[in-house]
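With full-length UniProt numbering, you'll find the sequence shown wraps up at 378, consecutive numbering, no jumps.
Ideal placement from N, C-alpha and C gives every residue a C-beta, glycine not left out.
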Amino acid sequence: MGQDSKEWIETCPQCVCNKAGPSGRAPLHPICTSYPFEVVGVDFLSLGRPEDRYQYILVITDLFTKYAIAVPARDQTAETTVRLLYDHLVHTFGCPERILTDRGAAFESALMTQLCQLYGCKKSRTTAYHPQGNGACERFNQTLIRLLSSLTEVQQQQWPTRLPALVQAYNNTIHSTTGITPHYGVFGRHARLPVDWVTGLSSGTSHHTLEGWVKKHHEALQLANQAVKEYSEDKRGPARTRYNRNARLVPLLPGERVLIRNFRWRSKGKLAPRWGSEPFVIVKQLGEDHPTYLVHPEGKDTPTRTVHRNNLRPCLLQGDVETPHPLMPFHDKKAQRVFTKPSSHKSSSLHLPMVHHSSFLYCCIAIFLHDLPCFQNC
1 MGQDSKEWIE TCPQCVCNKA GPSGRAPLHP ICTSYPFEVV GVDFLSLGRP EDRYQYILVI
61 TDLFTKYAIA VPARDQTAET TVRLLYDHLV HTFGCPERIL TDRGAAFESA LMTQLCQLYG
121 CKKSRTTAYH PQGNGACERF NQTLIRLLSS LTEVQQQQWP TRLPALVQAY NNTIHSTTGI
181 TPHYGVFGRH ARLPVDWVTG LSSGTSHHTL EGWVKKHHEA LQLANQAVKE YSEDKRGPAR
241 TRYNRNARLV PLLPGERVLI RNFRWRSKGK LAPRWGSEPF VIVKQLGEDH PTYLVHPEGK
301 DTPTRTVHRN NLRPCLLQGD VETPHPLMPF HDKKAQRVFT KPSSHKSSSL HLPMVHHSSF
361 LYCCIAIFLH DLPCFQNC
């Protein structure tokens with residue numbers, strides 16, 4: 001009976017679409033980089049202050065050194081995005097090998113595509129409603145919000161002018177993932193700050209010739225890059241192990257039917273379904289051990305979608321059928337049975353159609369009510 005109840009729940013559209021879904025998550029799949037500005041993450045941060053002149057902050061983060069750039073922006077148009085990327089990233093550091101963004105309209109625009117084609121840069125995007133795919137940017141967004149919120153009320157009104165100093169403080173602080181400051185990871189030397197002049201610290205990088213400085217600087221960059229690789233791997237390994245302890249979601253195979261999480265269920269009310277009712281079919285998995293899949297609606301000739309494994313659940317629903325009522329006839333010859341409750345009254349035998357094994361409880365309740373004195377004359 002327990003197995004029958006489980007099968008009933010797994011094939012009930014109302015239950016499947018409203019339950020939270022299987023617990024667990026897909027294994028962690030980190031983005032590995034080997035040198036500065038190989039891959040940069042780009043994102044827009046909104047402070048939710050409509051009275052400000054600048055509504056957004058364009059955040060650029062180097063995934064290798066964690067070096068960050070933050071630029072105030074008045075809007076999220078394609079023209080503004082491309083101009084800020086060129087002025088503050090490409091013009092200063094050159095174009096990265098790959099730019100990682102979400103699926104915002106500005107990042108998916110033709111102008112953005114032209115910029116990438118002009119510099120031979122690859123453009124990749126995260127899956128929908130999965131910001132963890134651009135975790136470096138999202139983590140810096142949290143740090144930046146915390147820094148801005150620590151300003152006084154008067155300073156918060158002038159946050160665009162305070163932003164460069166906050167970003168400089170971040171870039172010259174030792175990062176827990178790399179073990180060095182982001183500034184040192186990019187430039188191979190420490191930035192000269194007011195604290196150095198106050199404390200009388202010397203940079204210690206004076207050389208008699210340009211050739212000697214170049215040689216020393218080249219060695220410093222090599223040591224910095226090697227230190228970042230080793231320290232990051234030492235930190236990444238235990239973190240991945242801890243994360244994967246609860247990674248119980250098994251991979252999906254091509255042809256399997258799945259449901260996609262309803263990402264807007266909170267905005268539609270607390271009773272809105274958490275999963276979409278339209279079944280999708282797995283087309284393929286994007287790379288071995290990669291937790292993203294190409295899916296397309298079942299029985300429809302529409303474009304495919306890229307969805308993370310955490311936002312998919314196996315679907316056992318048989319087509320688009322309505323949820324049957326527990327006491328409605330169940331069209332299964334093996335499941336159709338008739339239970340007769342013997343009674344002292346010959347003409348008062350109760351016949352109940354067996355809908356499904358899980359409805360046995362309803363039958364017992366009905367039989368019990370029939371035996372009560374108040375129902376004897378019914």
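In this structure, V198 keeps its C-beta atom at 8 Å or more from the C-beta atom of F140. The C-alpha of A165 is placed about 12 Å away from the C-alpha of Q155.
Collapsing the DSSP output to three states places S34 in coil.
Below 8 Å, enough C-beta pairs join the region 283-303 and the region 249-263 to call them touching: three or more. By the Cβ criterion, the region 177-188 is in contact with the region 64-73, since at least three pairs of Cβ atoms, one from each stretch, lie closer than 8 Å.
For P254, there is no enclosing beta strand (DSSP E), as DSSP marks it with neither H nor E. Burial is judged here by how many other beta carbons sit within 10 angstroms of a residue's own beta carbon; D87 has fewer than 16 and is exposed. Of all C-beta pairs linking the region 67-76 to the region 46-55, three or more are shorter than 8 Å, placing the two stretches in contact. The region 207-235 is shown to contain no whole beta strand (DSSP E) run of 3 or more residues. Spanning the alpha carbons of D102 and L316 requires a straight line of approximately 31 Å. Ranked by Cα distance from V258, the options P297, L271, F107 and S5 are led by P297.
At least 8 Å separates the beta-carbon of R25 from that of N311.
Y170 and G104 have their C-alpha atoms some 26 Å from each other. Proximity to T178 across Q222, E108, Q157 and A227 peaks at A227, based on C-alpha coordinates. For the pair P291 and P27, the CB atoms are nearer than the 8 Å cut-off.
Secondary structure note for H88: it is in no beta strand (DSSP E), with a DSSP letter that is neither H nor E. Runs of the alpha helix (DSSP H) lying entirely within the UniProt domain "Integrase catalytic" (32-190) and spanning at least 4 residues, in chain order: 78-85, 110-119, 135-149, 153-157, 159-171 and 182-187. Where T292 is concerned, the enclosing beta strand (DSSP E) starts and stops at T292 to P297. If you draw a straight line from the Cα of P314 to the Cα of V295, it is about 12 Å long.
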